[in-house]
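Encoded as structure tokens, the structure appears first; notes follow it.
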Amino acid sequence: MVARITKEAIKNLGIPYLSSDDEEQFTNPRWNIFYQEVGKDILLSIQLTPCMTRGMVHTSLSRVVWSLLNEIEILLSNPRAMTLLKVEESEREAVIYDKTLKLTQDYIHYLPIVVYHSFHQTLNEVVISYIKKIVDFDLREYWDKIGKPQKNFTLLPNNELKDIERSFPETNFWLLNGLQTIDEECSIYRKGALSGRKVWLNNPEALAKLPSAYKQFKFQYKEAKREHKLEYEAFKRINPRASNAKWEKHWEKVYDEKFPNIYQTELTSYSASELAYRQLAETYDFSPEYMMKLVRIEKAKANREAQKRDEKPDN
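By numbering that gives the first Met the number 0, the letter at position 158 of the sequence shown is numbered 157, and the numbering carries on one by one without gaps.
Shown next, in the form of structure tokens:
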């Protein structure tokens, strides 16, 4: 079950495979995430582009999935937990699978944020530690020498780098400003883990990308629906007596190979547009209707900005 959950989570989130050609491709300004198969294990590989360095972090996803799965199995072996969570015995295996899959997907979403934040927190805390332990101490010695002892003197009364900016407002601290901005932004994202992935849309840049994401998903679902029809007709011609189970197994393999970045499977029940909104809704923890509203708002905003640029006279 661990392998099934791991592979399905990777597929559902559209995580690309890491090949040797990807080593120097930093398409995201902050991080990229890939997976690799190493023996029976699947590794998540996170490329980081922090402000001071680059990094590559590898971690076993299979071991994380095993730990989650084991914990949920232990919980649902307790009759009282089964009653409290309203899980029937006949549903137990399916519930264990679904809950482990959801937790795995959230872990994959959350991990790059935490790792990226940790790199910058290290630098942030090193600077604070240096000021508190070295600079403050040297300044106290200085005050003592000139006869103005200030035993409680510190440049960081709140233990924050903002204190330095307040003390020297005329100075542009590039590094301190960058660390502060990243710390504030990542803190918001990390708090979002407690309330879902809505936090991923808490900035104008993320919202502005929604129309493009919707357009790409819609195109892919149109292609998938067309391929589904053609594959079904060809499969039935070649295998007229095959069961629905065999067809579904065949289509699942085709779907995985040709459409790795989309995961809404009810192709015949919804239009390509509806499927695109459903995928966006699942990605950001909003309803499909609300995602439709956001896409339309951002599309209208982009059109207005384009119109303003077109109307602007050339110098």
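Even for Gly, the Cβ is constructed at its ideal location relative to N, Cα and C. These numbers come from a predicted model, not from an experiment.
Exposure of residue i, with buried meaning 16 or more beta-carbon neighbours within 10 Å
i	result
Leu-178	buried
Tyr-220	buried
Ser-166	exposed
Gln-24	Legend: pLDDT at Gln-24 = 47, less than 50; position of this residue unreliable, no value from coordinates given.
Met-290	buried
Glu-22	Summary for Glu-22: the model assigns pLDDT 48, below 50, so the residue's position carries little reliability; its value from the coordinates is reported in the next sentence. It is exposed - the Cβ of Glu-22 has fewer than 16 other Cβ atoms within 10 Å.
Leu-321	Past the boundaries of the shown model lies residue 321; the chain is included only from 0 to 314, so the question cannot be answered.
Thr-99	buried
His-57	exposed
Gln-263	buried
Gln-149	exposed
Ala-299	exposed
Trp-173	exposed
Asn-123	buried
Tyr-276	buried
Phe-33	buried
Thr-170	exposed
Thr-26	Low confidence applies here, because Thr-26 scores a pLDDT of 45, under 50, leaving its location unreliable; read the following figure in that light. Exposed.
Trp-30	buried
Thr-267	exposed
Pro-156	exposed
Ser-242	exposed
Glu-90	exposed
Phe-136	exposed
Glu-288	exposed
Val-37	exposed
Ser-186	exposed
Ser-128	exposed
Distance cut-off 8 Å: residue i Cβ against heavy atoms of the ligand NAD
i	result
Arg-29	Questions concerning the ligand NAD fall outside what the structure shown contains, since it holds no ligand whatsoever.
Backbone secondary structure at residue i - three-state DSSP
i	result
Val-134	helix
Leu-122	helix
Leu-60	helix
Tyr-16	strand
Ala-301	helix
Leu-266	coil
Thr-5	helix
Met-0	coil
Glu-159	coil
Leu-279	helix
Pro-148	coil
Leu-75	coil
Asn-331	It is not possible to answer for residue 331, since the shown part of the chain is limited to 0 through 314.
Pro-287	helix
Ser-242	coil
Lys-208	coil
Thr-180	helix
Asn-260	coil
Trp-250	helix
Leu-154	coil
Asn-69	helix
Asn-202	coil
Residues that DSSP places opposite residue i in a beta bridge
i	result
Ile-45	Ile-32 and Val-56
Asp-40	Val-37
Beta-carbon separation (whole angstroms), residue i vs residue j, contact threshold 8 Å
i	j	result
Ile-45	Glu-72	Not confirmed; about 28 Å, so no contact.
Leu-154	Val-125	The Cβ separation is near 15 Å, so there is no contact.
Leu-47	Tyr-115	6 Å
Ile-9	Ile-41	7 Å
Ala-305	Pro-210	Not confirmed; about 12 Å, so no contact.
Asp-216	Gln-278	With the sequence shown as reference, residue 216 is identified as Phe, and Asp is not the correct amino acid for it. The pair is a contact, with the Cβ atoms about 5 Å apart (cut-off 8 Å).
Gln-35	Leu-12	Between Leu-12 and Gln-35 the Cβ distance is about 15 Å, and since that is not below 8 Å, they are no contact.
Leu-67	Leu-43	Not confirmed; about 14 Å, so no contact.
Trp-246	His-227	About 11 Å separates the two Cβ atoms, so there is no contact after all.
Leu-376	Phe-152	Any answer about residue 376 is impossible in this case: the structure gives the chain only from 0 up to 314.
Phe-258	Ala-280	That pair is no contact at about 18 Å.
Neighbour flag for residue i against chain D, beta carbons, 9 Å
i	result
Ser-270	Checking the listed chains, one finds no chain D in this structure; it contains a single protein chain.
- prompt: Which full runs of the alpha helix (DSSP H) of 4+ residues lie inside the segment 78-112, going along the chain?
  reply: List check, alpha helix (DSSP H) in window: 78-83.
Within the segment 208-238, ranges of the alpha helix (DSSP H) (whole runs, at least 4 residues): Those alpha helix (DSSP H) runs which fall completely within the segment 208-238 and span 4+ residues are 209-237.
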